[in-house]
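Q: Please see the structure below; I have some questions.
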Ligand code: FPP
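In my numbering, the protein residues as written are 1 to 260.
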């Protein structure tokens with residue numbers, strides 16, 4: 001078991017949780033749910049839950065970068081989140097901008113590459129600029145790929161992909177008979193990223209909520225009870241341990257059963 005470059009605190013958790021460092025998933029995706037309930041239970045406005053959620057995110061990004069996760073995708077704002085009150089949308093947008101402003105230098109120093117999945121063009125201009133600048137600054141980094149699903153919806157992603165494929169067919173760039181799964185993936189926002197081996201959802205809800213619908217085909221879904229602001233490095237390592245206990249068959253059968 002390789003235990004390199006991990007802070008002492010996490011090392012203890014890893015040892016006690018018995019995590020196999022050779023089987024750290026390369027792509028972890030997270031549905032950060034429960035910010036509103038976390039705040040309500042404390043008699044605070046929902047937006048305080050989002051603020052606390054940003055703190056949780058900081059810790060999780062740091063931990064993923066240190067244990068060698070290659071891709072971390074977080075559901076930061078969905079295509080359905082526009083239905084929320086304007087005031088809450090405004091806070092989420094400013095939190096995002098604030099987060100980038102505060103964290104960018106440190107993320108860059110840690111060799112993290114920031115990427116975005118989603119339709120940026122509908123976001124406020126200042127947010128678009130901050131996000132694009134962060135992606136640009138970190139584009140040559142080779143450590144953790146930190147992917148923000150922003151104005152992201154799995155169905156919208158599929159529709160935009162289909163439209164681009166049709167365009168390429170009409171322009172004679174693609175022959176319909178050459179379209180297969182691997183080829184189609186080039187048209188998704190996640191082009192070039194491996195599918196997430198595990199998707200974590202906090203707050204006990206058991207839904208995908210339009211997140212990575214194509215990419216989740218064989219993801220292990222790990223549901224944790226904690227609200228997102230309470231999710232910390234220890235919770236992440238426990239989720240990875242739970243993932244490592246799963247048997248992934250991808251539609252096949254167990255190895256031992258092959259001989260029977
Ligand atoms: C779900 O909780 C959370 C969101 C819709 C937004 C997640 C955003 C953050 C963690 C903060 C901003 C992000 C970045 C990247 C800086 P909810 O509001 O649906 O909670 P509820 O189900 O308890 O109401």
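By construction, the Cβ of each residue, glycine as well, lies at the ideal position given by its N, Cα and C atoms.
Note that the structure is a prediction, hence the values are computed from the model and not measured.
Suppose you measure from the CA of residue 90 to the CA of residue 131; what does that come to, to the nearest Å?
A: Looking at the two C-alpha atoms, the distance is approximately 16 Å.
Q: How long is the line joining the alpha carbons of residue 112 and residue 59, rounded to whole angstroms?
A: Rounded to whole angstroms, residue 112 to residue 59 spans 14 Å at the Cα level.
Q: Quick check: the stretch 183–194 against the stretch 103–110, are at least 3 beta-carbon pairs closer than 8 Å?
A: Too few Cβ pairs lie closer than 8 Å, so no.
Q: Please determine whether the Cβ atom of residue 95 lies at a distance below 7 Å from any heavy atom of the ligand FPP.
A: Answer for residue 95: yes, Cβ within range of the ligand FPP.
Q: Less than 8 Å between the beta carbons of residue 222 and residue 19, yes or no?
A: Their beta carbons are not under 8 Å apart, which means residue 222 does not touch residue 19 by this criterion.
Q: For residue 223, list the residues DSSP reports as bridge partners.
A: DSSP, once it has assigned bridges, lists 201 as partnering residue 223.
Q: Give me the residue from 21, 22, 29 with the minimum Cα distance to residue 194.
A: With distances taken between Cα atoms, residue 194 lies closest to 29.
Q: Helix, strand or coil, according to DSSP, for residue 116 in the structure here?
A: Residue 116 falls in the strand class under three-state DSSP.
Q: Hey, how far is the Cα of residue 127 from the Cα of residue 252?
A: Distance between the alpha carbons of residue 127 and residue 252 is about 45 Å.
Q: From 77, 162, 244, pick the residue whose C-alpha is nearest to that of residue 123; which is it?
A: Of 77, 162, 244, the residue nearest in Cα terms is 77.
Q: Going by DSSP, what residue range makes up the beta strand (DSSP E) through residue 130?
A: That residue, residue 130, is in no beta strand (DSSP E); its alpha helix (DSSP H) goes 125–138.
Q: Just the C-alpha distance for residue 69 and residue 87, rounded to the nearest angstrom, thanks.
A: About 35 Å.
Q: Roughly how many angstroms lie between the CA atoms of residue 145 and residue 71, to the nearest whole one?
A: Near 5 Å, if we compare the C-alpha coordinates of residue 71 and residue 145.
Q: Quick test of your reading: residue 53 and residue 32, contact by CB under 8 Å. State the CB separation rounded to the nearest angstrom.
A: Right, their Cβ atoms sit about 6 Å apart.
Q: Is residue 182 near residue 147, with beta carbons less than 8 Å apart?
A: Not a contact, by the Cβ cut-off of 8 Å.
Q: Let me check you understand the geometry: is the CB of residue 71 closer than 7 Å to at least one non-hydrogen atom of the ligand FPP?
A: No - the ligand FPP has no heavy atom lying nearer than 7 Å to the Cβ of residue 71.
Q: Among the residues of its own chain, which have a CB less than 6 Å from the CB of residue 168, if the five just before and after it don't count?
A: Result list for residue 168: 174, in chain order.
Q: Kindly identify the DSSP beta-bridge partner or partners of residue 72.
A: Looking at the DSSP assignment, residue 72 forms a beta bridge with 28, 146.
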